[in-house]
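Take the sequence shown: its letter number 58 is residue 65 in the numbering used here, and every next letter is one higher. Since the structure comes first, as structure tokens, the remarks are kept for the end.
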Amino acid sequence: AVVSTQSTGTMFRCTVLFVLLVSAVGAASKYRDNIPEPTRKWKYDATLDHFTYSPESAETFVLRVFEYDTHWKQNKSGPLFVYTGNEGPLESFYENTGFMFDIAPQFNALIVFIEHRYYGESIPWGSSEAAFTPDGLRYLSSIQATADFADVIKHYKETYNIEQVVSFGGSYGGMLT
């Protein structure tokens with residue numbers, strides 16, 4: 008569904024873009040069996056609790072980020088393509104999302120995949136024993152994860168002076184996007 012408070016023409020363009028993207032996602036990716044390795048893997052210090060102002064809210068943990076900048080290096084004026092992580096290790100989504108790699112050259116895009124908190128290696132306190140307790144699980148929520156993604160996006164926008172961001176995701180990650 009497309010919701011628009013602007014003119015009918017704008018709503019039509021949004022609808023067409025949505026239909027084209029959905030159609031393109033269904034098509035086979037040329038990268039399907041040959042996803043390039045990330046050009047950079049790094050770790051972002053994420054805030055444990057974005058919404059409670061207590062001593063614990065100052066704690067941080069490590070979120071993994073994979074970056075692919077091959078097409079962006081050529082121009083450095085393209086958008087940021089962000090994949091919002093799902094319920095699994097980051098590699099699973101990086102290695103199975105060819106569509107972003109298909110269209111990145113056309114847009115000179117910088118591709119970034121952000122791992123979801125509590126999945127893969129992005130575990131608060133660095134251990135499952137500490138994170139997966141009743142007290143530790145209070146920080147596992149879609150709103151906390153969305154705030155993590157927003158912080159990483161803000162980092163890229165400020166660090167590289169990026170103005171446009173396009174977010175991608177599938178299933179739960181699509182809902183977060």
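C-beta atoms are modelled at their ideal positions from N, C-alpha and C, and glycine is treated no differently.
Can you tell me which of the options puts its alpha carbon nearest to the alpha carbon of residue i?
i      : options                       : result
Phe156 : Arg47, Thr54, Asp142          : Thr54
Phe108 : Thr77, Val72, Asp52           : Thr77
Val173 : Tyr90, Ala137, Gln151, Ser135 : Tyr90
Lys48  : Thr59, Glu66, Tyr101          : Tyr101
Asp158 : Ser61, Val72, Tyr60, Pro45    : Val72
Considering only their Cβ atoms, is the gap separating residue j from residue i smaller than 9 Å?
i      : j      : result
Leu87  : Tyr167 : yes
Phe120 : Glu165 : no
Ala137 : Leu147 : no
At which residues does the beta strand (DSSP E) containing residue i begin and terminate?
i      : result
Ala53  : 47 to 54
Leu117 : 117 to 121
Which residues does DSSP list as the beta-bridge partners of residue i?
i      : result
Phe175 : Tyr90
Arg71  : Lys50
Please classify residue i as buried or exposed, where buried requires at least 16 neighbouring CB atoms within 10 angstroms.
i      : result
Gln171 : exposed
Ala34  : Here the model assigns Ala34 a pLDDT of 47, short of 50, so the residue's position is not dependable, and the following value carries that caveat. Counting Cβ neighbours within 10 Å, Ala34 comes out exposed, since fewer than 16 surround it.
Glu122 : buried
Arg124 : buried
Ile130 : buried
Specify, as a first and last residue, the run of the alpha helix (DSSP H) that residue i falls within.
i      : result
Lys161 : 149 to 167
Phe108 : 105 to 114
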